[in-house]
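To convert, note that position 58 of the sequence shown is 58 in full-length UniProt numbering; the numbers rise steadily by one, no gaps. Step one of this worksheet: look at the structure below.
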Amino acid sequence: GLVRLRETGSADRLDAYSETCLRRVWQAERFSYAMTTTLHRAPDATAFDDRLQLARLERIATARSAATDLAENYTGLPFG
């Protein structure tokens, strides 16, 4: 952003800053919601909700790709 502006005169990265950050923020919101609904039972949960929650946990425990996705999101998404 600022370094690029200083070195090249281009403000393209600064112009895209809000859009770039908002994508990251919404991914963090998605992950937060997924973790909350996976790890906490809602007081009004139905039998279907309970089974869906268990299926999410089983997927994380048995699928390397799901575990990798969780780990990448948990440790932080890349900037940009």
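No residue lacks a Cβ here, since even glycine has one placed at the ideal position from N, Cα and C.
Roughly how many whole angstroms lie between the Cα atoms of residue i and residue j?
| i | j | result |
| --- | --- | --- |
| W26 | R64 | 24 Å |
| T62 | C21 | 32 Å |
| P78 | D12 | 19 Å |
Check whether the Cβ atoms of residue i and residue j lie closer than 8 Å to each other.
| i | j | result |
| --- | --- | --- |
| L52 | I60 | no |
| R56 | T38 | yes |
If I follow the unbroken alpha helix (DSSP H) through residue i, where does it start and stop?
| i | result |
| --- | --- |
| L77 | Here L77 belongs to no alpha helix (DSSP H), and DSSP marks it neither H nor E. |
| D44 | From DSSP, D44 is part of no alpha helix (DSSP H); its letter is neither H nor E. |
Where are the alpha helix (DSSP H) runs, 4 residues long or more, that stay fully inside the segment 14-42, in chain order? 17-39
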